[in-house]
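J.: Please see the structure below; I have some questions.
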Amino acid sequence: MSDSETSQQYRGEVSMGELLDRYEVLLLDSYGVLIHQHGPLPGALALVGTMNAVDKPYYILTNDASRSPEAASRRYHSLGLAIPPERIITSGSLIAPYFAANGLRGARCIVLGPADSERYVREAGGEVIPASNDAEPDVVTICDESGFPYLETVDAVLTAVFRCLDAGKELHLVLPNPDLIFLRSEHSYGLTAGSIALVLEAAMALRYPDGKHPRFVPLGKPHAPIFEEALRRSGTRSMVMIGDQLSTDIKGARSFGLDSALVPTGLTHIGAGGLGDSYPTYVLPTLVRGR
Ligand SMILES: [Mg+2]
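Residues in the sequence shown are numbered consecutively from 23, following my numbering.
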């Protein structure tokens, strides 16, 4: 499929059965597509059951860098979704290829996130060091907003980053999860990893007016690395990304030259005003087949 073929028109509503027939591989976002805060969304259990039964290749693409694929799989199983770890591509699992490509094995790394975030960095060959004012990191990796005392840790990272850059030291800034906000529960929102990176970049822009400070390298949706990993594993571009967010799932798929389907069960409100610039290939009204 060439890029010109996938710089698509909006093709209207589609059914789950049509997507299963048309594409070799399904890429699925998790939150707002398969699950929400109260459990699985309608049709999710049957869809996963069908794909497992007929050996339909699929991958869950999630910006979560706070859980290993094994931990995520256990959580899905507890909700009745039999999704094995090898079907889950987390943004945390992109740290290892990034470290390999940039020669960062053995690098001293500050990691923001819980224990599984640190595990991702160790598995990538990084040496995890504490976030303290006198830390001398080679890499700062912001995986998640949980697992550490927020303000004092962010202040310590800011101090360490300034001291390294003041001394002219090279510093890699890595952002597996570029999401800015998340839905904590109904009508309750939280800032997440991408927002911490945004604040640190604003702080660097204040201190280094020549603009020559490093930037965070994002790995998760809507950026290419997570789609490159899906392509590497699936071996085909006959993939459709099913997601609930225009700014991550749909925009990311479009930029990578893949078709996409927007579901109305998550963060995007599909109103009378249309879908704006990051429109999907399709709207998928429900995961339930035969409707
Ligand atoms: Mg989502």
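Heads up, the beta-carbon is just placed ideally off N, CA and C, and yes, glycines get one too.
Taking 7 angstroms as the limit, tell me which residues put their C-beta closer than that to any heavy atom of ligand 1, in chain order.
T.: That query returns the following residues: Asp-51, Ser-52, Tyr-53, Gly-54, Val-55, Gly-265, Asp-266, Gln-267, Asp-271, Gly-288, Leu-289.
J.: Decide if the region 249-261 is in contact with the region 35-51; the criterion is three or more beta carbon pairs, one per stretch, under 8 angstroms apart.
T.: Contact holds: three or more Cβ-Cβ distances are below 8 angstroms.
J.: Per the DSSP calculation, Met-261 is bridged to which residue(s)?
T.: What you label residue 261 is simply residue 239 of the sequence shown in a count that begins at 1. For Met-261, which the question treats as bridged, DSSP gives the partners Val-47.
J.: So, is Ile-111 buried or exposed, given that buried needs 16 or more other C-beta atoms within 10 angstroms?
T.: Within the sequence shown, the letter at position 89 stands for residue 111. It is buried - the Cβ of Ile-111 has at least 16 other Cβ atoms within 10 Å.
J.: Determine the direct distance from the alpha carbon of Leu-228 to that of His-245, and round the result to whole angstroms.
T.: In the sequence shown, counting from the first residue as 1, residue 245 sits at position 223. In the sequence shown, counting from the first residue as 1, residue 228 sits at position 206. Their Cα atoms are separated by approximately 26 angstroms.
J.: Cutting at 6 angstroms between CB atoms, please list the residues of its own chain near Val-285, excluding the five before and the five after it.
T.: Looking up residue 285 in the sequence shown gives position 263. Taken in chain order, the residues that qualify are Val-55, Asp-266, Leu-306.
J.: Which term fits His-194, buried or exposed, when burial requires 16 or more other beta carbons within 10 angstroms of its beta carbon?
T.: For the purposes of this step, residue 194 is identified with residue 172 of the sequence shown, where counting begins at 1. So His-194 ends up on the buried side.
J.: Within the same chain, show all residues whose beta-carbon is closer than 8 angstroms to that of Ser-168, passing over the 5 residues directly before and after it, in chain order.
T.: On the sequence shown, position 146 is the one that residue 168 refers to. Hits under 8 angstroms: Ser-88, Gly-135, Pro-136.
J.: Cα separation between Gly-298 and Leu-67?
T.: In the sequence shown, residue 298 corresponds to position 276, counting from 1. In the sequence shown, residue 67 corresponds to position 45, counting from 1. Approximately 31 angstroms, taken between the alpha carbons.
J.: Tell me, to the nearest whole angstrom, how far the beta carbon of His-235 is from that of Leu-187; I am working on the premise that it is less than 8 angstroms.
T.: Locating residue 235 in the sequence shown gives position 213, where the first residue counts as 1. Locating residue 187 in the sequence shown gives position 165, where the first residue counts as 1. At roughly 6 angstroms, the Cβ-Cβ gap stays under 8 angstroms, so His-235 and Leu-187 are in contact.
J.: Helix, strand or coil for Asp-281? Go by DSSP, reduced to three states.
T.: For the purposes of this step, residue 281 is identified with residue 259 of the sequence shown, where counting begins at 1. Strand.
J.: CA-CA distance, Met-23 and Pro-79?
T.: Along the sequence shown, read from residue 1 onward, the residue named residue 23 stands at position 1. Along the sequence shown, read from residue 1 onward, the residue named residue 79 stands at position 57. With a pLDDT of only 44 at Met-23, under the threshold of 50, the placement of this residue in the model should not be trusted, and no figure is reported.
J.: At the level of alpha carbons, what is the spacing between Arg-311 and Glu-92?
T.: Within the sequence shown, the letter at position 289 stands for residue 311. Within the sequence shown, the letter at position 70 stands for residue 92. Going from the Cα of Arg-311 to the Cα of Glu-92 covers about 28 angstroms.
J.: Once the 5 residues before and after Ile-248 are set aside, which same chain residues still bring their CB inside 8 angstroms of it?
T.: Here residue 248 refers to the residue found at position 226 of the sequence shown. Counting only Cβ-Cβ distances below 8 angstroms, and skipping sequence neighbours, we find Leu-83, Asn-85, Ile-111, Ser-113, Leu-116, Leu-241, Gly-242, Gly-274.
J.: Applying the 10 Å Cβ sphere with the 16-neighbour rule, what's the burial state of Leu-173?
T.: Within the sequence shown, numbered from 1, the residue matching residue 173 stands at position 151. With fewer than 16 other Cβ atoms within 10 Å, it is exposed.
J.: Between which two residues does the beta strand (DSSP E) containing Thr-112 stretch?
T.: Working through the sequence shown from its first residue, we reach residue 112 at position 90. Its beta strand (DSSP E) spans residues 110-112.
J.: Counting along the chain, where does the alpha helix (DSSP H) carrying Glu-174 start and finish?
T.: The count along the sequence shown starts at 1 and reaches residue 174 at position 152. It spans 172-188 - the alpha helix (DSSP H) in which Glu-174 sits, taken as one unbroken run.
J.: Looking only at its chain, what residues have a beta carbon closer than 7 angstroms to the beta carbon of Ile-218, apart from the 5 residues adjacent to it on each side?
T.: Counting from one through the sequence shown, the residue named residue 218 turns up at place 196. Leu-134, Ile-164, Glu-167, Val-176.
J.: Tell me the residue span of the beta strand (DSSP E) that contains Thr-163.
T.: For the purposes of this step, residue 163 is taken as residue 141 along the sequence shown, with counting starting at 1. Start and end: 161-164.
J.: What number of angstroms, rounded off, separates the C-alpha of Asn-124 from the C-alpha of Pro-159?
T.: Working through the sequence shown from its first residue, we reach residue 124 at position 102. Working through the sequence shown from its first residue, we reach residue 159 at position 137. Whole-angstrom Cα-Cα distance: 15 angstroms.
J.: Quick test of your reading: Ala-104 and Val-70, contact by CB under 8 angstroms. State the CB separation rounded to the nearest angstrom.
T.: Reading the sequence shown from its first residue, position 82 is the one you call residue 104. Reading the sequence shown from its first residue, position 48 is the one you call residue 70. Confirmed, Cβ separation roughly 6 angstroms.
J.: Pull up the CB-CB distance for Arg-127 and Gly-147, whole angstroms please, since I reckon it's below 8 angstroms.
T.: On the sequence shown, position 105 is the one that residue 127 refers to. On the sequence shown, position 125 is the one that residue 147 refers to. About 3 angstroms; that satisfies the 8 angstroms criterion.
J.: Comparing C-alpha positions only, which one of Thr-308, Ile-264, Leu-309 sits nearest to Tyr-301?
T.: Here residue 301 refers to the residue found at position 279 of the sequence shown. Of the listed residues, the one whose Cα sits closest to Tyr-301 is Ile-264.
J.: Suppose you measure from the CA of Gly-233 to the CA of Glu-223; what does that come to, to the nearest Å?
T.: Position 211 of the sequence shown, counted from the first residue, corresponds to residue 233. Position 201 of the sequence shown, counted from the first residue, corresponds to residue 223. Taking the straight line from one Cα to the other gives about 10 angstroms.
J.: Would you kindly check if the distance between the Cβ of Val-150 and the Cβ of Val-162 is under 8 angstroms?
T.: As a first step, residue 162 is located in the sequence shown; it is residue number 140 there, counting from the start. As a first step, residue 150 is located in the sequence shown; it is residue number 128 there, counting from the start. Cβ distance not < 8 angstroms, so Val-162 and Val-150 don't count as in contact.
J.: Using 10 angstroms around the beta-carbon of Ile-203, count the other beta-carbons present and answer buried if the total reaches 16, otherwise exposed.
T.: Here residue 203 refers to the residue found at position 181 when the sequence shown is read from its first residue. So Ile-203 ends up on the exposed side.
J.: Among the residues of its own chain, which have a CB less than 6 angstroms from the CB of Arg-33, if the five just before and after it don't count?
T.: Sequence index remark: in the sequence shown, residue 33 carries index 11 (1-based). So the list reads Thr-303, Tyr-304, once near-sequence residues are dropped.
J.: Using the rule of at least 16 other Cβ atoms within 10 Å of the residue's Cβ for burial, across every protein chain shown, is Pro-22 buried or exposed?
T.: Absent from the structure is residue 22, since the part of the chain shown begins at 23 and ends at 313.
J.: Please give the ranges of any beta strand (DSSP E) in the region 202-243, keeping only runs that are unbroken, at least 3 residues long and fully inside the region.
T.: Entirely contained in the region 202-243, the beta strand (DSSP E) runs reaching 3 residues are, in chain order, 203-207, 210-213, 238-240.
J.: Among Val-221, Glu-208, Glu-251, which one has its Cα closest to the Cα of His-58?
T.: The residue given as residue 58 occupies position 36 in the sequence shown. Comparing Cα-Cα distances from His-58 to each of Val-221, Glu-208, Glu-251, the minimum goes to Glu-208.
J.: In terms of residue numbering, what span does the beta strand (DSSP E) encompassing Ile-151 cover?
T.: Counting from one through the sequence shown, the residue named residue 151 turns up at place 129. Unbroken beta strand (DSSP E) run through Ile-151: 149-151.
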